[in-house]
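Take the sequence shown: its letters are residues 161 to 248, numbered as in our numbering. Where is the CB? At the ideal position from N, CA and C, for every residue including glycine.
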Amino acid sequence: MIDNPEDVQSVKDALKELESLRTALEEVDEFYETAEDQYYTIRSALKGLIYKWNEETGEFEGDPNPYRQEEEDEKLEKAIDRKWEEDD
161 MIDNPEDVQS VKDALKELES LRTALEEVDE FYETAEDQYY TIRSALKGLI YKWNEETGEF
221 EGDPNPYRQE EEDEKLEKAI DRKWEEDD
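Structure follows, in structure tokens:
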């Protein structure tokens with residue numbers, strides 16, 4: 161059981177963020193057609209959530225975004241561009 165009010169609030173905040181992530185993933189499922197596109201979008205969303213948590217808590221020493229991978233971000237951008245081109 162968590163007794164510290166700050167810890168309780170941290171857990172509540174994390175649950176809110178996870179709910180936002182769930183909503184975003186539902187939208188992703190409707191937006192992207194290929195499994196690869198979904199994979200990169202989900203991975204990017206999870207890394208973003210980890211980064212946000214590390215940045216807001218200040219508990220991480222060193223780079224708060226150790227999961228940053230520009231190559232993955234480029235793949236995601238290409239997938240989004242491809243989807244927009246198909247819709248035009």
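- The DSSP-derived three-state label of G208 is helix.
- In terms of Cβ geometry, Y200 and L236 form a close pair [threshold 9 Å].
- In this structure, S170 sits near T217, with a CB-CB distance shorter than 9 Å.
- About 6 Å separates the beta carbons of A205 and A184, which is inside the 8 Å limit, making them a contact pair.
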